[in-house]
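The structure appears right after this line, and notes come after that.
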């Protein structure tokens, strides 16, 4: 019995030890709650980065011109900027924020995701450079079949 | 979660598919009548040899069973890659794979 208890404690300790390294990452949902409930792209950017004026260059947002299925739109964000964080927003859904990436040592700014959009709209990507400046890229697309309700 | 990691030159390209419904607030209201039943992945990260190589906070607007593709430098063939997601209700899932 005693041994069993000992093993249990050991397993618990091992489990908690494994989780620790992941806490280095920032949970932007916890640190910047305003971003996720904001309804417009401007408010979401303000909630995440404060009042900024991004430079409109250096960031490429790739997406199909016409997305047949709004439930899974392939989106690519790419840039050569030495970045700290990358955030993606859109203006077709009830809330604006989609995803915030945190760059780490060795990370390459070239991300592909699949996202939902309820209607045609514009996808905006903001890159926070290590130089303290902000860069913006955007892409407007048509959505044939909205994917937020289904 | 399906994870494929491939080394090409000095860059590791990773493709991951997380199995999750990603139910938005509107979908939850329609299906269950309660907005609070929404559930989606809120945070996903990947580590190689204990080092974070990918980290993202996410919202409900990723597709169902979302796909993430990302790249990083500093991985070697045979290294273990571990990815974990957490959803709004606190469920977590961790899966491992090897860099090929």
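Chains as they are written, first to last, in the numbering used here: chain F, 1 to 150; chain L, 1 to 100. Built from N, CA and C at the ideal position, the CB exists for glycine as well.
Note to self: I'd like to confirm the pairing. Which residues does DSSP put opposite residue 110 (chain F) in its beta bridges?
What the structure shows: F:78
Notebook entry, point to check: Under 7 Å Cβ-Cβ, which residues of chain F neighbour residue 42 (chain L)?
Noted result: 29
Checklist line | Contact with chain F by residue 59 (chain L), beta-carbon distance below 8 Å | finding: yes
Check: Is there at least one Cβ from chain F nearer than 8 Å to residue 7 (chain L)'s Cβ?
Finding: no
Checklist line | At least 3 beta-carbon pairs within less than 8 Å: the region 68 to 80 of chain F vs the region 112 to 119 of chain F | finding: yes
Notebook entry, point to check: Going along the region 44 to 73 of chain F in order, which residues come within less than 7 Å of chain L, judged by CB to CB distance?
Noted result: 71 and 72
Item checked: Amino acids of chain L, ordered along the chain, whose beta-carbon sits closer than 9 Å to that of residue 83 (chain F) -> What residue 83 (chain F) touches in chain L: nothing, since even the nearest Cβ is about 13 Å away.
Checklist line | Three-state secondary structure assigned by DSSP to residue 37 (chain L) | finding: helix
Notebook entry, point to check: Hey, is residue 129 (chain F)'s beta-carbon within less than 8 Å of any beta-carbon in chain L?
Noted result: no
Next item on the list: Give the interface partners of residue 144 (chain F) over in chain L, defined as CB-CB distance under 9 Å, in chain order.
Entry: Within chain L, no residue comes near residue 144 (chain F); the closest Cβ sits about 15 Å away, beyond 9 Å.
Notebook entry, point to check: Contact check, residue 124 (chain F) vs residue 101 (chain F) under 8 Å by CB: the rounded distance?
Noted result: Not really, about 14 Å apart at Cβ, beyond 8 Å.
Margin query: Taking its Cβ as the centre, do 16 or more other Cβ atoms sit within 10 Å of residue 145 (chain F), making it buried, or is it exposed?
Written below: exposed
Margin query: Considering only their Cβ atoms, is the gap separating residue 107 (chain F) from residue 14 (chain L) smaller than 8 Å?
Written below: no
Check: If you count every other CB in all the chains shown that lies within 10 Å of the CB of residue 104 (chain F), and 16 or more means buried, which is it?
Finding: buried
Next item on the list: Determine the chain L residues that contact residue 116 (chain F) at a beta-carbon separation under 9 Å, and present them in chain order.
Entry: 22, 24, 60, 61, 62, 63 and 64
Checklist line | Any 3 or more C-beta pairs closer than 8 Å across the region 77 to 96 of chain F and the region 38 to 49 of chain L | finding: no
Check: Which partner residues of residue 70 (chain L) appear in the DSSP bridge assignment?
Finding: L:14
Notebook entry, point to check: At a Cβ threshold of 8 Å, is residue 98 (chain F) touching chain L?
Noted result: yes
Note to self: Tell me the rounded alpha-carbon separation between residue 47 (chain F) and residue 128 (chain F).
What the structure shows: 14 Å
Check: Excluding five sequence neighbours on each side, which residues of the same chain lie with their C-beta closer than 8 Å to the C-beta of residue 55 (chain F)?
Finding: 133, 134, 135 and 136
Item checked: Where residue 101 (chain F) meets chain L, residues with beta-carbon distance less than 9 Å -> 54, 55, 56, 57 and 70
Note to self: Does the CB of residue 4 (chain L) have a neighbour CB from chain F at under 8 Å?
What the structure shows: no
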